[in-house]
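Remarks on the structure that follows.
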Amino acid sequence: MLGPRNGPYEELAGNSSPLFEYISGVLAPAYSFVGERSIDVEAEIPFGDSGRFEDETDDVHIYLPPYISPVLNPKARPPSMGIAFTVEVTEGKPILSICITWARYFYIREKNTWKRHPRFFIKKFVIDRDTQVFINGEGQESDPEQAEISLHIL
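Dropping the structure here:
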């Protein structure tokens with residue numbers, strides 16, 4: 004996603020939905036498909052590079068999973084996105100400072116506009132186990148039913 008173009012509290016004209024204004028790519032769950040399934044197509048899995056890079060030492064190897072392009076349904080909205088990285092510490096447990104920003108757009112019928120409501124979550128995590136945090140619209144940890152987003156640290 005990209006944006007906002009007009010500041011954190013921007014307003015978009017009613018005919019300019021944020022879903023169309025800021026989409027810059029497509030995310031899709033692994034289980035989504037459109038049309039008839041073909042066992043021949045599903046059996047074809049392209050394998051990517053193993054991720055060996057010039058500046059790595061011999062004892063460090065990063066494995067990048069093979070690239071699989073899912074069949075996309077343009078009417079389906081993406082349920083999730085993710086980022087993966089490795090953290091190395093020389094002693095003790097890793098400590099991550101996490102800052103997540105996102106926003107919700109609400110349609111204001113009287114003004115025929117979409118109003119952006121920004122949100123944020125900031126927390127420091129000592130990584131000693133897998134962690135799952137659910138975050139509500141106020142940027143506070145919450146139960147899953149009240150959450151707008153979730154963070155998974157593995």
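Positions 4 to 157 (our numbering) are the ones given, in order, by the sequence shown.
Using N, Cα and C, we set each Cβ at its ideal position, and we do this for glycine too.
Thinking C-beta only, is residue 100 closer than 9 Å to residue 127? By one-based count along the sequence shown, residue 127 stands at place 124. By one-based count along the sequence shown, residue 100 stands at place 97. In this structure, residue 100 lies closer than 9 Å to residue 127 by Cβ.
Which of the three DSSP states, helix, strand or coil, is assigned to residue 11? Here the question's residue 11 lines up with position 8 in the sequence shown. Here residue 11 sits in coil by DSSP.
Under the rule that 16 or more other beta-carbon atoms within 10 Å means buried, what is residue 18, buried or exposed? Start at 1 with the first residue of the sequence shown, and residue 18 comes out as number 15. Under this definition residue 18 is an exposed residue.
Have a look at 146, 133, 131 and 150 and flag the residue whose alpha-carbon is nearest the alpha-carbon of residue 139. Counting from 1 along the sequence shown, the entry for residue 139 is found at position 136. Ranking the options by Cα distance to residue 139, first place goes to 150.
Which stretch, first to last residue, makes up the beta strand (DSSP E) that contains residue 121? Here residue 121 is taken as the residue at index 118 of the sequence shown, counted from 1. Segment 116–129, the beta strand (DSSP E) holding residue 121.
Taking only three categories from DSSP, how would you classify residue 91? Counted from its first residue, the sequence shown places residue 91 at position 88. Correct three-state label for residue 91: coil.
Three-state class that DSSP yields for residue 72 in the structure shown: By one-based count along the sequence shown, residue 72 stands at place 69. Caution applies to residue 72, whose pLDDT of 49 falls short of 50 and renders its modelled position unreliable; the value that the coordinates give is listed next. Coil at residue 72, not helix or strand.
To the nearest angstrom, how far is the alpha carbon of residue 108 from that of residue 94? Counting from one through the sequence shown, the residue named residue 108 turns up at place 105. Counting from one through the sequence shown, the residue named residue 94 turns up at place 91. For residue 108 and residue 94, the distance between alpha carbons rounds to 44 Å.
In whole angstroms, what separates the C-alpha of residue 157 from that of residue 132? In the sequence shown, counting from the first residue as 1, residue 157 sits at position 154. In the sequence shown, counting from the first residue as 1, residue 132 sits at position 129. Those two C-alpha atoms are separated by around 7 Å.
Give the straight-line distance between the Cα atoms of residue 24 and residue 16, rounded to the nearest whole angstrom. By 1-based counting over the sequence shown, the position of residue 24 is 21. By 1-based counting over the sequence shown, the position of residue 16 is 13. Whole-angstrom Cα-Cα distance: 11 Å.
Taking the C-alpha atoms as reference points, what is the distance between residue 89 and residue 125? Taking the sequence shown and counting its residues from 1, the one referred to as residue 89 is at position 86. Taking the sequence shown and counting its residues from 1, the one referred to as residue 125 is at position 122. Taking the straight line joining both Cα atoms gives about 20 Å.
How would you label residue 129, buried or exposed, when you count the other beta carbons within 10 angstroms and need 16 or more for buried? Locating residue 129 in the sequence shown gives position 126, where the first residue counts as 1. The residue in question, residue 129, is exposed, as its Cβ has fewer than 16 Cβ neighbours within 10 Å.
Status (buried if at least 16 other CB within 10 Å, exposed otherwise) for residue 21: For the purposes of this step, residue 21 is identified with residue 18 of the sequence shown, where counting begins at 1. Buried is the call here.
Rounded to whole angstroms, what is the Cα-Cα separation between residue 7 and residue 13? Taking the sequence shown and counting its residues from 1, the one referred to as residue 7 is at position 4. Taking the sequence shown and counting its residues from 1, the one referred to as residue 13 is at position 10. Their Cα atoms are separated by approximately 7 Å.
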